[in-house]
Amino acid sequence: MKIRVVSSREEIFTLNPNERIVHLAFRPSNKDIFSLVENCPKIEVIQLPKSYRRTVSKSIEMFLEMQRIQLIEGDVWGHRKDINEYYRIPSSIIEEIKELKIEGKSTEAIEEKVSRESKLNPEMVAYILRKDITA
1 MKIRVVSSRE EIFTLNPNER IVHLAFRPSN KDIFSLVENC PKIEVIQLPK
51 SYRRTVSKSI EMFLEMQRIQ LIEGDVWGHR KDINEYYRIP SSIIEEIKEL
101 KIEGKSTEAI EEKVSRESKL NPEMVAYILR KDITA
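Numbering (UniProt numbering), first residue to last: 1 to 135.
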């Protein structure tokens, strides 16, 4: 599973329209979010660092909710944009999530265990659980 890392507002206009998960590494304005949704109609998740997540307006939160786009906080730990524009969630983490699900662990227990071990945000773990993504 891969997350497209976007470092600047100018980059929004160069994105592939099929992007589903985007991490914004800058503080987006309302206009930036609207542009992102317009340019990427298949988007499902927008991830923001914790400090930026707190500055998103209620109107944008409502807009994204109406569009069924999840706004989550989180980081792409150790990612170097100059090397690759995508952050890949290791298949081992996705496999671990699947195994814990098969074992019958609760959603909360899986989110807590995987996020503690992998530095993935619990909201992203929950998204992976819901999507039941194959690595």
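Glycine included, each C-beta is placed from N, C-alpha and C at the ideal position.
| query | Can you give the Cα-Cα distance for residue 8 and residue 24, rounded to whole angstroms? | reply | Locating residue 8 in the sequence shown gives position 8, where the first residue counts as 1. Locating residue 24 in the sequence shown gives position 24, where the first residue counts as 1. In a straight line, the C-alpha of residue 8 is about 8 Å away from that of residue 24.
| request: Quick one: give me the first and last residue of the alpha helix (DSSP H) that residue 36 is part of. | output: Along the sequence shown, one-based indexing puts residue 36 at 36. Start and end: 30-39.
| message | Helix, strand or coil for residue 54? Go by DSSP, reduced to three states. | response | Residue mapping note: residue 54 aligns to position 54 of the sequence shown, counting from 1. In the structure shown, residue 54 sits in coil (DSSP, three-state: anything other than H, G, I, E or B).
| Quick one: what's got a C-beta closer than 7 Å to residue 125's C-beta in the same chain, skipping five residues either side? | Residue numbering aside, residue 125 sits at position 125 when the sequence shown is read from its first letter. Around residue 125: 97, 110, 111, 114 and 115.
| field | Residues near residue 100 in its chain [Cβ-Cβ closer than 8 Å; skip 5 each side] | value | Locating residue 100 in the sequence shown gives position 100, where the first residue counts as 1. Cβ neighbours of residue 100 beyond the five flanking positions: 109, 110, 113 and 114.
| message | Given this structure, state the Cα-to-Cα distance separating residue 131 from residue 60, to the nearest angstrom. | response | In the sequence shown, counting from the first residue as 1, residue 131 sits at position 131. In the sequence shown, counting from the first residue as 1, residue 60 sits at position 60. When rounded, the distance between both Cα atoms is 24 Å.
| Same chain, Cβ closer than 8 Å to residue 121, five either side skipped, listed in chain order | The count along the sequence shown starts at 1 and reaches residue 121 at position 121. Here the set comprises 47, 72, 73, 74, 75 and 115.
| field | First and last residue of the uninterrupted alpha helix (DSSP H) at residue 130 | value | Numbered from 1 along the sequence shown, position 130 holds the residue referred to as residue 130. Segment 122-131, the alpha helix (DSSP H) holding residue 130.
| request: Would you mind giving the Cβ-Cβ distance between residue 43 and residue 69, rounded to the nearest angstrom? I have them listed as a contact below 8 Å. | output: Taking the sequence shown and counting its residues from 1, the one referred to as residue 43 is at position 43. Taking the sequence shown and counting its residues from 1, the one referred to as residue 69 is at position 69. About 6 Å separates the two Cβ atoms, so the contact holds.
| Residue burial classification, residue 30 (beta-carbon count within 10 angstroms, cutoff 16) | Within the sequence shown, numbered from 1, the residue matching residue 30 stands at position 30. Classification for residue 30: exposed.
| task | Using DSSP bridges, identify the partner residues of residue 47. | result | In the sequence shown, the residue the question calls residue 47 occupies position 47. Looking at the DSSP assignment, residue 47 forms a beta bridge with 23 and 72.
| message | Please tell me whether residue 22 and residue 86 are closer than 8 Å, where the distance is taken between their beta carbons. | response | Here residue 22 is taken as the residue at index 22 of the sequence shown, counted from 1. Here residue 86 is taken as the residue at index 86 of the sequence shown, counted from 1. Their beta carbons are not under 8 Å apart, which means residue 22 does not touch residue 86 by this criterion.
| request: For the alpha helix (DSSP H) containing residue 102, list its first residue and its last residue. | output: Here residue 102 refers to the residue found at position 102 of the sequence shown. From DSSP, the alpha helix (DSSP H) with residue 102 extends over 91-102.
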